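Protein chains in written order, with the working numbering: chain D, 688 to 1225; chain U, 262 to 485.
These notes concern the structure reproduced below.
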């Protein structure tokens, strides 16, 4: 008996309070939203193959990139690792039977789906053309699209984020197993903790800001409309006070996954554990102080710009600490290039590249030059897709045997990691060049001389799309035909590997205890084989 | 006894203490969220008060100072009663035989005070709406200033007033339901002390909603 087969009715799934089942519900819903957002990208990348606007009108192009941004940010990236891997793993990693508030956890999924329903209604009704940033006064006064529906969807899903974050914070404080002190926690738990702090403290500001946009549209008052006394910059300040920290909601859990995968497949202790843990908190707190770097050309005070520039560069310090520590963990390790490790190595490279271009953008003069060009698009896709999505897929592959009890095809896994890495670079690297050359974002036409880069990018996007479809196939295949996984197929440390795969309903048959530091990897036996699965019984 | 205890402890917990500290801590985290939720509106208030000090004075003078003062008193009194209940019902308090009566009376009184607060607030809303002070198309710009842009800044005061006090009133409604529900639950319970946990969590929420009003009252009523 395990959590998957202890009861199989629909009711037992939709009314479950088991954190593992809720993680599965989230996994399915997020995969759906990922493909909705992905389809929008497919359509506008097709449009961008030619310089003229031949496939889409300007209006539908605007609606598609807005849809892509809204769905990908709020209905995929922000919930992705926390609600799927976090929900599944946090109680297991801290040795608890469930999260602190199991019913609140289920409620958060229903709230999320309600928000998603509003968003889907918005799409079917005709979409929204404000971009995912909803800048005023365009969104509050001029846009003739379904802004209120879109804002309501995001407003509602925000409460799901808050509920999830609150649940993690309380669980990590209160439910740790005997002997599991703060500095024995896996880094994944630290990163989810830091992410939860941001979710709880930043999300309400976004909620109230979008509510004000809705009030302005409904009543026709000028909260953010300068022609009747409002201040559009106030909107930008409030919006980015959430939406910059939200970037760290998206990337920190990814860093957590990498910190689990790299030591396991290097068979070495994580280098500089304390620094990695503290760098996590440093990123989360500094992340609250840098929102003004989105507003360098908005007319905010020059001194504010200078300060925000300096603080933005400071975030690079703890981020670099992490990259160096992962690299130092690899040094002289016994490296196994399994699927999760390939994704993790891809993450380190792409995240570093995205981070370094981020420092370029934090530089005032350079930012003015490339503001609102494809350089920005390329930069944040290197972090969000090259970073977060690689980590999400890497994590899914790493814990797949624990979640499902099955081993997927290693060969196909490696192929998918390489295809995603190649396709990703081909899609987004040309966009850096486009940005430097001055191609502005959010236009459906462009001058002829940019075509070669746009064609490369669209071709890369096709490869990337195939890279995302592959795991859907072989992971589903493994559910039925994969070899059975042992309790600890990777010979990894951590409490989640001490229970069966898949785990029983309440995670552990007896309360686990912890007596030493995490990542207690030792130099492996030369014939060590990992990730093979159990031999078939017949 | 052991059976009775284990039936009260929900699934992820090992002990009643652990469960209590999780509930209390969870409420504090939620209140931190709430502070930031109202915080966005307070930032808006600061920006526009700095921009339009005169308009805020004009707007504030139209609010009913005495009614606002009375509302403040009602809430503070209610908070005191909730604090007393929290003290009475705490597991560490003396074991009194007739706990239920005093606790329920105070909770009912708190609920009534909360409803009275809302009644006064809605009366004030009603007056303002009749005077054409509700922001939007119904707002009578010419009443407050001959210059339309100045009129708009008075309208901004009332937009913030209705948004912030309205959000507070929404929280009050939830609070009244929670405290009222608690009065019913304790009134029916064989062992009122077993409800000490939810009571202290609801108490925290109630105090928080009061504290928000303690800031709203001077910011809107006393800046004339």
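Think of the CB as a built atom: it goes at the ideal place given N, C-alpha and C, for glycine as much as any other residue.
As the structure is a computational prediction, the values presented were derived from the model and not from experiment.
Contacts that residue i makes with chain U (C-beta to C-beta distance below 8 Å)
i	result
residue 788(D)	283 and 287
residue 918(D)	308, 309 and 312
residue 902(D)	420 and 424
residue 853(D)	287, 290, 291 and 294
Cβ pair residue i, residue j closer than 9 Å
i	j	result
residue 346(U)	residue 364(U)	yes
residue 903(D)	residue 828(D)	yes
residue 821(D)	residue 900(D)	yes
residue 705(D)	residue 1089(D)	no
residue 961(D)	residue 1010(D)	no
residue 1096(D)	residue 1033(D)	no
residue 308(U)	residue 976(D)	no
residue 440(U)	residue 336(U)	no
residue 1137(D)	residue 1028(D)	no
residue 999(D)	residue 1045(D)	yes
residue 1122(D)	residue 1148(D)	no
residue 1221(D)	residue 1172(D)	yes
residue 435(U)	residue 466(U)	yes
residue 798(D)	residue 879(D)	no
residue 297(U)	residue 892(D)	yes
residue 1144(D)	residue 717(D)	no
residue 437(U)	residue 789(D)	no
residue 844(D)	residue 1075(D)	no
residue 1026(D)	residue 740(D)	no
residue 919(D)	residue 824(D)	yes
residue 959(D)	residue 1015(D)	yes
residue 954(D)	residue 1210(D)	yes
Chain U contact residues for residue i, given Cβ-Cβ distances below 9 Å
i	result
residue 977(D)	The premise fails here: residue 977(D) is roughly 17 Å from chain U at the closest Cβ pair, so nothing lies under 9 Å.
residue 973(D)	Ordered by position in chain U, no residue passes the 9 Å Cβ test against residue 973(D), which lies about 18 Å from the chain.
residue 1182(D)	Going along chain U, no residue has its Cβ under 9 Å from residue 1182(D), so there is no contact; the nearest lies around 15 Å.
residue 925(D)	301, 304 and 305
Nearest-angstrom beta carbon gap, residue j and residue i [assumed within contact, 8 Å]
i	j	result
residue 826(D)	residue 765(D)	Contact flag wrong, Cβ pair sits at about 20 Å.
residue 1157(D)	residue 1099(D)	6 Å
residue 980(D)	residue 1006(D)	Between residue 1006(D) and residue 980(D) the Cβ distance is about 15 Å, and since that is not below 8 Å, they are no contact.
residue 727(D)	residue 751(D)	5 Å
residue 1190(D)	residue 689(D)	6 Å
residue 871(D)	residue 1205(D)	6 Å
residue 352(U)	residue 449(U)	Their Cβ separation, rounded to whole angstroms, is 20 Å, which puts residue 352(U) and residue 449(U) out of contact at 8 Å.
residue 1030(D)	residue 1104(D)	5 Å
residue 316(U)	residue 407(U)	Incorrect: roughly 13 Å between the Cβ atoms, too far for contact.
residue 945(D)	residue 1035(D)	7 Å
residue 786(D)	residue 858(D)	5 Å
Contact set between residue i and chain D, taken where Cβ atoms lie within less than 8 Å
i	result
residue 273(U)	778, 783, 784, 785, 786, 787, 789, 858 and 862
Chain-ordered neighbours of residue i on chain C, where CB pairs are closer than 7 Å
i	result
residue 770(D)	This model lacks chain C altogether; the protein chains it does include are D and U.
Neighbour list for residue i in chain D, Cβ cutoff strictly below 9 Å
i	result
residue 300(U)	891, 892 and 895
residue 279(U)	861 and 862
residue 416(U)	908, 909, 915 and 916
Where residue i meets chain D, residues with beta-carbon distance less than 7 Å
i	result
residue 397(U)	906, 907 and 908
residue 297(U)	888, 891 and 892
residue 410(U)	916
Interface partners of residue i on chain U, CB under 7 Å
i	result
residue 887(D)	290, 293 and 294
residue 849(D)	294
residue 915(D)	413
residue 921(D)	305 and 308
beta-carbon residue i near the ligand ZN non-hydrogen atom, thresh 8 Å
i	result
residue 1095(D)	Summarising the ligand content, the structure contains no ligands, and the ligand ZN is consequently not present.
### Task
For the segment 403-452 of chain U, list the alpha helix (DSSP H) runs that are entirely contained and at least 4 residues long, ordered along the chain.
Qualifying alpha helix (DSSP H) stretches, in chain order: 409-449.
#### Entry: Every unbroken alpha helix (DSSP H) inside the segment 771-845 of chain D [4 residues or more]
Secondary structure remark: continuous alpha helix (DSSP H) runs of at least 4 residues inside the segment 771-845 of chain D, in chain order: 774-780 and 789-812.
### Query
Just checking, does the segment 766-776 of chain D make contact with the segment 1077-1086 of chain D on the three C-beta pairs under 8 Å criterion?
They touch, by the three-pair rule.
### Query
Is it true that the segment 754-762 of chain D meets the segment 1162-1181 of chain D, where meeting means three or more beta-carbon pairs spaced less than 8 Å apart?
Judged by Cβ distances under 8 Å, the segment 754-762 of chain D makes no contact with the segment 1162-1181 of chain D, as fewer than three pairs qualify.
### Inter-stretch contact at 8 Å, needing at least 3 Cβ pairs: the segment 788-802 of chain D / the segment 883-891 of chain D
Segment contact: the segment 788-802 of chain D against the segment 883-891 of chain D, fewer than three CB-CB distances shorter than 8 Å; contact not assigned.
### Task
Would you be able to state if there are at least three C-beta pairs under 8 Å between the segment 1181-1199 of chain D and the segment 780-792 of chain D?
Because the criterion of three Cβ pairs below 8 Å is met, the segment 780-792 of chain D and the segment 1181-1199 of chain D touch.
### Query
Quick check: the segment 913-930 of chain D against the segment 1045-1063 of chain D, are there 3 or more CB pairs under 8 Å?
Fewer than three Cβ pairs drawn from the segment 913-930 of chain D and the segment 1045-1063 of chain D lie within less than 8 Å of each other, which leaves the two stretches out of contact.
### Message
For the structure I just gave you, are there three or more beta carbon pairs, one from the segment 417-429 of chain U and one from the segment 382-396 of chain U, closer than 8 Å?
### Response
Yes, since at least three Cβ pairs between the segment 417-429 of chain U and the segment 382-396 of chain U fall closer than 8 Å, the two stretches touch.
### Task
Quick one: which unbroken alpha helix (DSSP H) runs of 4-plus residues sit fully inside the segment 1116-1191 of chain D? Chain order, please.
Contiguous alpha helix (DSSP H) elements confined to the segment 1116-1191 of chain D occur at 1138-1168, taking only those with 4 or more residues.
### Task
State whether the segment 323-336 of chain U contacts the segment 462-482 of chain U, with contact taken as three or more CB pairs (one from each stretch) at a distance under 8 Å.
Yes, since at least three Cβ pairs between the segment 323-336 of chain U and the segment 462-482 of chain U fall closer than 8 Å, the two stretches touch.
### Query
With a cut-off of 8 Å, do at least 3 Cβ pairs link the segment 717-725 of chain D to the segment 1102-1121 of chain D?
Using a Cβ-Cβ distance cut-off of 8 Å, the segment 717-725 of chain D and the segment 1102-1121 of chain D are not in contact, since fewer than three pairs of beta carbons, one from each stretch, lie closer than that value.
### Message
So, does the segment 379-386 of chain U touch the segment 283-292 of chain U, judging by three or more C-beta pairs under 8 Å?
### Response
No: the two stretches stay apart, fewer than three of their Cβ pairs being nearer than 8 Å.
### Runs of alpha helix (DSSP H) wholly within the segment 329-392 of chain U (minimum 4 residues, chain order)
Fully enclosed alpha helix (DSSP H) runs of 4 or longer: 361-391.
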